[in-house]
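Participant: Residue numbers (our numbering): 8 to 214.
One structure, pasted below without further comment.
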């Protein structure tokens, strides 16, 4: 691990423990084992360190999509529905469960989640970044997916954004409920499976 990566890693831990405001550049430098001046050779400010954490989280999430083979909605030559139409109920459960476990147990996501909820009232900018990644981007992706599914007659016609929120809101709620109790993931997964079954039954047309 490079010094720059160590700075990002220690900063993520400190921000999660003490909050963004409660962590100084000196705190981060001490945790890495370098002097303040040396840290500034890698980052210009504490904000720049935090920005690097956001980039790290985004890359982490992208790797999850690649691992699961989930297409990205910015690739216009590969409609999202082409992938999801092939999924039956069990296939949808599997992908949703694996994604849920990743978000619940990944150490980077867990620390970032904690930072955002600590800072949501004192630092709106940080919470805005969290909101974009874990709310807006997720719903935008699913809205596009469900719109394609409706256009192709796989889902019943309706408001694609409302459908996306209906799908994602219970998942987000479960993540919030169990974010500090990953050892209870099996309990959460049972609830998640019932949610997916109900969603599939209500929105997807029968063959």
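Backbone N, C-alpha and C fix where the C-beta goes; we use that ideal spot for every residue, glycine too.
Say the cut is 7 Å; is the CB of residue 21 nearer than that to a heavy atom of the ligand PLP?
Facilitator: In the structure on display, the ligand PLP does not appear, and there are no ligands present to speak of.
Participant: For the structure I just gave you, are there three or more beta carbon pairs, one from the segment 166 to 186 and one from the segment 144 to 152, closer than 8 Å?
Facilitator: The segment 166 to 186 is in contact with the segment 144 to 152.
Participant: If you reduce the DSSP assignment to three classes, tell me which class residue 50 lands in.
Facilitator: Three-state result, residue 50: coil.
Participant: From residue 30 to residue 96, what does the alpha carbon distance come to, in whole angstroms?
Facilitator: Whole-angstrom Cα-Cα distance: 46 Å.
Participant: For residue 67, tell me which candidate among 142, 117 and 131 has the shortest Cα-Cα distance.
Facilitator: It is 117.
Participant: Starting from residue 30, trace the alpha helix (DSSP H) both ways and give me its first and last residue.
Facilitator: Where residue 30 is concerned, there is no enclosing alpha helix (DSSP H), given that its DSSP letter is neither H nor E.
Participant: Output the residue ranges of the beta strand (DSSP E) runs that lie fully inside the segment 123 to 197 and measure 3 residues or longer, sorted by chain position.
Facilitator: Entirely contained in the segment 123 to 197, not one beta strand (DSSP E) run reaches 3 residues.
Participant: Closer than 8 Å by C-beta to residue 21: which residues in its own chain qualify, once you throw out the five before and the five after it? Chain order, please.
Facilitator: Excluding positions up to five away in sequence, the list reads 30, 34, 35 and 38.
Participant: How far does the alpha helix (DSSP H) with residue 94 in it reach, from first residue to last?
Facilitator: Element bounds for residue 94: n/a, residue is neither H nor E.
Participant: State whether the segment 133 to 149 contacts the segment 98 to 108, with contact taken as three or more CB pairs (one from each stretch) at a distance under 8 Å.
Facilitator: The answer is no - the segment 98 to 108 does not touch the segment 133 to 149, with fewer than three Cβ pairs under 8 Å.
Participant: With distances taken from CA atoms, which of 91, 139, 199 and 42 is nearest residue 75?
Facilitator: For the residues 91, 139, 199 and 42, the minimum Cα distance to residue 75 belongs to 91.
Participant: Are the CB atoms of residue 23 and residue 122 within a distance shorter than 8 Å?
Facilitator: Contact: yes.
Participant: Which whole-angstrom value is the C-beta distance of residue 27 and residue 187, which I expect to be below 8 Å?
Facilitator: Not really, about 19 Å apart at Cβ, beyond 8 Å.
Participant: With a threshold of 16 other CB atoms inside 10 Å of the CB of residue 155, please say whether the residue is buried or exposed.
Facilitator: Its Cβ being crowded by 16 or more others within 10 Å, residue 155 is buried.
Participant: For residue 44 and residue 69, I'd like the C-alpha separation in whole angstroms.
Facilitator: If I take the Cα positions, the gap works out to 33 Å.
Participant: Mind checking whether residue 15 and residue 63 have CB atoms under 8 Å apart?
Facilitator: Contact: yes.
Participant: Taking the C-alpha atoms as reference points, what is the distance between residue 9 and residue 59?
Facilitator: Going from the Cα of residue 9 to the Cα of residue 59 covers about 14 Å.
Participant: With DSSP as the reference, please indicate the residues paired to residue 211 in a beta bridge.
Facilitator: DSSP lists 162 as partners of residue 211.
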